[in-house]
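**Student:**
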Amino acid sequence: MEINQLEAARQMKFDYLKEQVEVYPDRFRTSHDLGEAGLLEDGLDGVKVAGRISLMRKMGKMSFVSLRDISGDYQIMIKKDMVGDQVYEWLAKGVDLGDFLGASGQTFTTRTGEKTLRVEKLTFLGKGFKPLPEKFHQLNSKEICYRKRYLDLITSRETMDRFRLRIDFMKYMRRFLEEHGYMEIETPVLIDHPSGATARPFMSHHNALDMDVYLRIAPETYLKRAVVGGFTKVFEVARCFRNEGIDATHLQDFTMVEGYGAYMNYEDNMTFLQSMLQGVVRKIYGQDKIEIQGQVLDFSAAWPQVSFREVIFRDCGIDIDTYHEAGDLARIIVEEGIQLDSDTDIHDLGLGNLIDQLYKKVSRPKIIEPTFLTQHPTSLSPLARSNDANPLISDRFQLIINGAEVINGYSELVDPKEQRRRLIDQAGQRASGDEEAMVMDEDYLLAMEHGMPPISGWGMGIDRILQVLTGSDNIKDTVLFPLLRPEQK
Numbered sequence: 115m116e117i118n119q120l121e122a123a124r125q126m127k128f129d130y131l132k133e134q135v136e137v138y139p140d141r142f143r144t145s146h147d148l149g150e151a152g153l154l155e156d157g158l159d160g161v162k163v164a165g166r167i168s169l170m171r172k173m174g175k176m177s178f179v180s181l182r183d184i185s186g187d188y189q190i191m192i193k194k195d196m197v198g199d200q201v202y203e204w205l206a207k208g209v210d211l212g213d214f215l216g217a218s219g220q221t222f223t224t225r226t227g228e229k230t231l232r233v234e235k236l237t238f239l240g241k242g243f244k245p246l247p248e249k250f251h252q253l254n255s256k257e258i259c260y261r262k263r264y265l266d267l268i269t270s271r272e273t274m275d276r277f278r279l280r281i282d283f284m285k286y287m288r289r290f291l292e293e294h295g296y297m298e299i300e301t302p303v304l305i306d307h308p309s310g311a312t313a314r315p316f317m318s319h320h321n322a323l324d325m326d327v328y329l330r331i332a333p334e335t336y337l338k339r340a341v342v343g344g345f346t347k348v349f350e351v352a353r354c355f356r357n358e359g360i361d362a363t364h365l366q367d368f369t370m371v372e373g374y375g376a377y378m379n380y381e382d383n384m385t386f387l388q389s390m391l392q393g394v395v396r397k398i399y400g401q402d403k404i405e406i407q408g409q410v411l412d413f414s415a416a417w418p419q420v421s422f423r424e425v426i427f428r429d430c431g432i433d434i435d436t437y438h439e440a441g442d443l444a445r446i447i448v449e450e451g452i453q454l455d456s457d458t459d460i461h462d463l464g465l466g467n468l469i470d471q472l473y474k475k476v477s478r479p480k481i482i483e484p485t486f487l488t489q490h491p492t493s494l495s496p497l498a499r500s501n502d503a504n505p506l507i508s509d510r511f512q513l514i515i516n517g518a519e520v521i522n523g524y525s526e527l528v529d530p531k532e533q534r535r536r537l538i539d540q541a542g543q544r545a546s547g548d549e550e551a552m553v554m555d556e557d558y559l560l561a562m563e564h565g566m567p568p569i570s571g572w573g574m575g576i577d578r579i580l581q582v583l584t585g586s587d588n589i590k591d592t593v594l595f596p597l598l599r600p601e602q603k
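Note that the sequence shown covers residues 115 to 603 in our numbering.
#1: If we count Cβ pairs, one from each stretch, closer than 8 Å, do we get three or more for the stretch 386-404 versus the stretch 524-538?
#2: Provide the residue span of the beta strand (DSSP E) that contains VAL371, from first to last.
#3: Rounded C-beta distance between SER107 and MET287? I'm assuming under 8 Å.
#4: What does the alpha-carbon distance come out to for the pair SER318 and LEU329?
#5: Compare the beta carbon distance of ILE521 and ILE579 with 9 Å and say whether it is the shorter of the two.
#6: Excluding the five sequence neighbours on either side, which residues of its own chain have a C-beta within less than 6 Å of the C-beta of ALA376, listed in chain order?
#7: Indicate the three-state DSSP secondary structure (helix, strand or coil) for ASN516 in the structure shown.
#8: With C-beta atoms as the reference, is GLN220 less than 9 Å away from LEU158?
#9: Which residue from ASP587, TRP572, ILE589 and LYS262 puts its Cα closest to that of ALA311?
#10: With distances taken between CB atoms, is the gap from PHE128 to GLY216 smaller than 9 Å?
#11: Runs of 3 residues minimum, wholly inside the stretch 227-267: which ones carry the beta strand (DSSP E) assignment?
#12: Rounded to the nearest angstrom, what separates PHE178 and GLU358 at their Cα positions?
#13: Can you give me the C-alpha to C-alpha distance between ASP199 and PRO139, rounded to a whole angstrom?
#14: Quick one: residues in its chain with C-beta nearer than 7 Å to the C-beta of ALA561, no 5 flanking neighbours on either side, listed in chain order?
#15: Select from PHE316, ASP457, ARG423 and MET574 the residue whose C-alpha is nearest the C-alpha of LEU387.
#16: Which term fits LEU594, buried or exposed, when burial requires 16 or more other beta carbons within 10 angstroms of its beta carbon?
#17: DSSP on PHE316, reduced to helix/strand/coil?
#18: In whole angstroms, what separates the C-alpha of ILE184 from that of MET274?
#19: Who does TYR188 pair with in a DSSP beta bridge?
#20: Output needed for GLU563: all residues of its chain with C-beta closer than 6 Å, excluding positions within five of it in sequence on either side, in chain order.
#21: For PRO596, count the other beta carbons within 10 Å of its own beta carbon; 16 or more makes it buried, fewer makes it exposed. Which is it?
#22: Is the beta carbon of ALA498 closer than 9 Å to that of HIS490?
#23: DSSP on LYS162, reduced to helix/strand/coil?
#24: GLY466: buried (16+ other C-beta within 10 angstroms of its C-beta) or exposed?
#25: Span of the alpha helix (DSSP H) holding THR273?
#26: Between the beta-carbon of ILE167 and the beta-carbon of ASP210, is there less than 9 Å?
#27: Assuming GLY517 and ILE469 form a contact by the criterion Cβ under 8 Å, report the distance between their Cβ atoms to the nearest whole angstrom.
#28: May I ask you to report which of helix, strand or coil DSSP gives TYR336?
#29: Look up PHE222 in the DSSP assignment and give the residues it is bridged to.
#30: According to DSSP, is GLU405 part of a helix, a strand, or is it coil?
#31: Compare the beta carbon distance of ALA164 and PHE142 with 9 Å and say whether it is the shorter of the two.
#32: Closest to LEU673 by C-alpha separation, out of GLU450, SER508, GLY240 and ALA352, would be which residue?
#33: Going by DSSP, what residues sit across from TYR361 in a beta bridge?
#34: Between the Cα of GLU519 and those of LEU487, GLU405 and ALA322, spot the shortest distance and give me the residue it belongs to.
#35: Quick one: what does DSSP say TRP572 is sitting in, helix, strand or coil?
#36: How far does the alpha helix (DSSP H) with LEU391 in it extend, from its first residue to its last?
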């Protein structure tokens, strides 16, 4: 049948059901979800379950129906002599795959060993007017999966499990942070100037205040304002927006977690975050070793530390310490034939951003095991504290797993005069064409001038780390409803 014929047939069944049952009941009280019901012992009476029909087998006066919910699948057995002629008739004539049923009865195990509910009462709970992909097969089109995620969730247990893993990751991470004294707060999404990271912002207009506003690119400077105000340990699960290129590992709107602790340095945070991720991975997977795209990663092993200069020199032979001007470094990159993946012309990039683009091209994809990258150039880290022994590098780290940056952290710069000097330098780079350079932030500088304790902070991209942990090819696979261009009708 064509789609419109299938829809017409479902409508006719619905019209029939309206004469037999309440087609839109307001509730159904369950005693167990389907996953729990599958673990119950045999002979238990009064079990009530509900779910979407994923499979139906009609065999004369007896039918087997598989129901599905977020917890799993569970089989129910409906016998005509137990539910009555009328109920069995509307089941046969009016119900389709994708409809919702509620059932109550007694548990037993079939001869084939499948946990099943022997139905004593059957309740219709909802009609699906659109036919589902045939036999609940996983959708073949990625674009349909992204545009119609509800179909992807209905038809693919793998997709459902991936998003349940995301939920569990957030739950265990929050629990870990709270158990270690961190308090969750909220900071503004709309601000009058972009701050907190080097990135191109989204811009909008606030009609009531008649002013241009920016969607935040990071909550960093506001979280540190909270520390100035007296919070000792804070974190935020923050929706952030960066108006930059899109690819399999980048989104323009994404979720990140940032945390800041007073009286800590970046080395404290490396130890803390390693402990957190090891604990979360252990909670989710029940072990320290997980397989990602055919490669086994051991999260319990020692996480090595390597320097920025070391990995770039190892992978392309360029010693970044010998280049103090962006133009000189850009020239050697061109001479070496290295093509950077930058939206901005490399000759317009500041030295820090140019080094970062070089590292992302030649080194990051080669780092597989959990590894801390340290000793970033200070010019790449306008909000980070300079190293005491060498002011040309910052007390900063990134955690790289399977070629992806999942955490960025550092000892915070708390000297307001040095911060002003760096922001002036960033503003100059921005004026010269580097759209990712930071702008001057006088209000943040004013907060700093009221006094800041030693602070260390970090940010983790949730979509990114879930992409790594699940081995997903595209970061959109870890976002329930990613932004796409409208379909052309």
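The beta-carbon is built from N, C-alpha and C at its ideal position, and this holds for glycine as well.
**Tutor:** Working from what's here:
#1: In short, these stretches do not touch, since the Cβ pair count stays below three.
#2: Start and end: 367-376.
#3: In the structure as shown, the chain starts at 115 and stops at 603, and residue 107 therefore has no counterpart that could be examined.
#4: CA-to-CA, the gap between SER318 and LEU329 works out to about 8 Å.
#5: Yes, the Cβ-Cβ distance between ILE521 and ILE579 is below 9 Å.
#6: Taken in chain order, the residues that qualify are VAL341, THR346, PRO567 and ILE569.
#7: Here DSSP, grouped into helix, strand and coil, assigns ASN516 to coil.
#8: Yes.
#9: Residue TRP572 is the option with its Cα nearest to ALA311.
#10: Result no, Cβ atoms of PHE128 and GLY216 do not sit closer than 9 Å.
#11: Secondary structure remark: continuous beta strand (DSSP E) runs of at least 3 residues inside the stretch 227-267, in chain order: 229-240.
#12: When the Cα atoms are used, PHE178 and GLU358 turn out to be separated by approximately 52 Å.
#13: Cα to Cα, ASP199 sits roughly 21 Å from PRO139.
#14: Taken in chain order, the residues that qualify are ARG339 and VAL342.
#15: LEU387 has its Cα closest to that of MET574, out of PHE316, ASP457, ARG423 and MET574.
#16: LEU594 is exposed by the Cβ-count criterion.
#17: It is a strand residue.
#18: The alpha-carbon of ILE184 is positioned some 7 Å away from that of MET274.
#19: Looking at the DSSP assignment, TYR188 forms a beta bridge with LEU181.
#20: Answer for GLU563: PRO530, listed in chain order.
#21: Residue burial annotation: PRO596 is buried, with at least 16 other C-beta atoms found within 10 angstroms of its C-beta.
#22: Going by C-beta atoms, HIS490 is nearer than 9 Å to ALA498.
#23: Three-state DSSP puts LYS162 in a strand.
#24: Per the 10 Å Cβ criterion, buried.
#25: Taken as a continuous stretch (DSSP letters only), the alpha helix (DSSP H) holding THR273 covers 271-293.
#26: Yes; because the gap between Cβ atoms is below 9 Å, this pair is in contact.
#27: With a Cβ gap of about 18 Å, GLY517 and ILE469 do not count as contacting.
#28: In this structure, TYR336 counts as helix in the three-state DSSP scheme.
#29: Within the DSSP secondary-structure output, PHE222 pairs in a beta bridge with THR230.
#30: The answer is strand: DSSP assigns GLU405 an E or B state.
#31: Taking 9 Å as the Cβ cut-off, ALA164 and PHE142 qualify as a contacting pair.
#32: The question about residue 673 has no answer, for the chain in this structure spans 115 to 603.
#33: The question names Tyr, but residue 361 in the sequence shown is Asp. Per DSSP, HIS364.
#34: Nearest option by C-alpha distance: LEU487.
#35: In the structure shown, TRP572 falls within a strand segment according to DSSP collapsed to helix, strand and coil.
#36: It spans 380-399 - the alpha helix (DSSP H) in which LEU391 sits, taken as one unbroken run.
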